[in-house]
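So the protein lines, in turn, are chains A and B. Just so we're aligned, residue -10 is where the first sequence starts under my numbering, counting upward by one. Just so we're aligned, residue -10 is where the second sequence starts under my numbering, counting upward by one. Using N, Cα and C, we set each Cβ at its ideal position, and we do this for glycine too. Predicted, not measured: the structure shown is a model, and the values here were computed from it. Structure, as structure tokens:
Protein chains: 2
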Amino acid sequence: MTERMAALADAAIHVVATKGMRGLTHRAVDAQAGVPPGSTSAYFRTRKALVEGVVQRLADLDNAEVVEARVNVPLDPDLLAEGIAHVLDRWMTTARERTLARYACLLEATHHPELRGILAHGERPRAQARELLAELGAEDPERQSRDLVAFIDGLVFDRLVGAGALGAPAAGTPESRAELAAAIRGALRGVLGK
Amino acid sequence: MTERMAALADAAIHVVATKGMRGLTHRAVDAQAGVPPGSTSAYFRTRKALVEGVVQRLADLDNAEVVEARVNVPLDPDLLAEGIAHVLDRWMTTARERTLARYACLLEATHHPELRGILAHGERPRAQARELLAELGAEDPERQSRDLVAFIDGLVFDRLVGAGALGAPAAGTPESRAELAAAIRGALRGVLGK
DNA sequence: GCCAGTACTCTACAGCTGTAGAAGGAGGAG
DNA sequence: CTCCTCCTTCTACAGCTGTAGAGTACTGGC
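If you want it as structure tokens, here you go:
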């Protein structure tokens, strides 16, 4: 993906996050990116290509992030929960738009199977979760990692859309991080069965 | 909401589930509902009204359901988990479209705050969860119910979109129900802190 | 039977969207 | 300098979408 395409895809992600999939049009991306009208249409000739560009870009951004995150993760459940909470908090603040766009794309993938291959969301975190759970002595990391990832997804989703999480502390605050950490501690406990 | 409007809203829910929010147009709903073109446009004069109709209908359907579900819920965590798993399984099979549409609407509500009032999703289940957790001896049902609902949302979402849940048994099978029940047992354990 | 009001159907139309292709221009090879 | 190539911008256009309003059938009241 060329630099120009990446910039357009970034603008497209912003559009999806703020106006929804419905607002994702070639011209809206042009406007958002501040490029002359027609540019997006030239780089992503069809709308399908544009959506795939968004999905691809989301995957790339995730991968770029995981490279540096691969440093020592603590094996102590409490510290681990703390670390995960920190990441989730970022997903809901700094990376809020990306996270929203990802959920939108996941929903989109429901009726466009070809997107599922690109959007590896859930596979990478899950591999990590599987490893961690194995090291923590889980008996069936395969299954248990699914549950842990589900919990994390639900936690982030609910708070972003404000469903079922009314009354939760605002993302980005220390209270929010503390509550997230507590939730994840509980999840680890529950998932590990002890 | 008149009967006719409800029928159109039902068709609209189907459209949203199968073609996404983007596919939700007056004419698409006409076609889906098998009514003469223009009908949807007459009952929901603007697109905003159409979306609100969908959201309202989803809320109504949920409420209609909860009326009969209010019979004795078991206080034994294992039986309770079994019961919840059964409901979730239905959300992913019989009521799959409704569930998908609801997630789409929740995402939509992110940039249309006026929808949040109608879409009480998360509030009703959470009230139930709060009660149950209190009866089960939770120390902070308010917070813990948020976590439980988040887990449930993530579980269903991940399995519907196939993210992070690759390898999970297909919804509707006894294996799926068993796994769901196990996951919820774990969640209850984790949330309750014991 | 006649009328008013209501429920429904049809049609027009402006604006937006997806898509293709032509036009312009910068830079490098010869 | 000349030409060729690639990158970028501009423009056209068919089809779709949102929305309004006019037309038509159908009710119950008199």
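Between the alpha carbons of Gly42(B) and Arg166(B) lies a gap of roughly 32 Å. Here DSSP, grouped into helix, strand and coil, assigns Ala127(A) to coil. Using a Cβ-Cβ cut-off of 8 Å, Thr99(A) counts as an interface residue toward chain B, since at least one Cβ of chain B sits closer than that to its own. In chain order, Ala(-2) place their CB closer than 6 Å to the CB of Arg46(A), counting only its own chain and leaving out the 5 sequence neighbours on each side. Taking 8 Å as the CB threshold, Gly9(A) lines the interface with chain B.
Annotated three-state conformation of Met(-10)(B) is coil, per DSSP. Per DSSP, the unbroken alpha helix (DSSP H) holding Pro163(A) starts and ends at 163 to 181. Contact with chain B is absent for Val44(A), since none of that chain's Cβ atoms lies less than 8 Å from the residue's Cβ.
Between Ala157(A) and Ala(-5)(A), the alpha-carbon positions lie close to 35 Å from each other. Of all residues in the region 119 to 131 of chain A, the ones placed with a Cβ closer than 8 Å to any Cβ belonging to chain B are Glu131, in chain order. Of the residues Leu96(B), Ala74(B), Pro26(B), Arg79(B), the one whose Cα lies closest to the Cα of Lys8(A) is Leu96(B). The C-beta of His100(B) has fewer than 16 other C-beta atoms within 10 Å across all chains shown, which makes the residue exposed.
Using a CB distance cut-off of 8 Å, Val24(B) does not count as an interface residue toward chain A. Sequence-distant partners of Leu50(A) (beyond 5 residues in either direction) whose C-beta falls short of 8 Å from its own C-beta, in its chain, are Arg87. Neighbourhood of Gly156(B) in chain A, by CB distance below 8 Å: Glu131, Arg135, in chain order. Around the Cβ of Pro114(B), a 10 Å sphere holds 16 or more other Cβ atoms; the residue is buried.
Judged by DSSP secondary structure, Gly72(A) falls within the alpha helix (DSSP H) whose first and last residues are 66 to 81. With the rule of 3 Cβ pairs closer than 8 Å, the region 144 to 163 of chain A counts as touching the region 136 to 144 of chain B.
Note on geometry: alpha-carbon atoms of Tyr32(B) and Gly23(B) lie some 15 Å from one another.
Arg11(B) and Val5(B) have their C-alpha atoms some 8 Å from each other.
Following the DSSP letters along the chain, one finds Val18(A) inside the alpha helix (DSSP H) bounded by residues 15 to 22.
The beta carbon of Phe33(B) does not come within 8 Å of any beta carbon belonging to chain A, so the residue lies off that interface.
What Val180(A) touches in chain B, judged by beta-carbon distance under 8 Å, is Gly175, Gly179, going in chain order.
Residue contact check for Ala1(A) against chain B: no CB pair falls below 8 Å. Against Arg115(B), the close residues of chain A are Gly153, in the order they occur along the chain (beta-carbon pairs closer than 7 Å).
The continuous stretches of alpha helix (DSSP H) do not include Leu155(B), and DSSP gives it neither H nor E.
The count of Cβ pairs closer than 8 Å, one atom from the region 168 to 183 of chain B and one from the region 72 to 80 of chain B, reaches three, so the stretches are in contact.
Listed in chain order, the alpha helix (DSSP H) elements of length 4 or more contained wholly in the region 20 to 51 of chain A are 28 to 32.
The C-beta of Glu112(A) comes closer than 8 Å to at least one C-beta of chain B.
By the rule that beta-carbons nearer than 8 Å mark a contact, Ile141(A) touches chain B.
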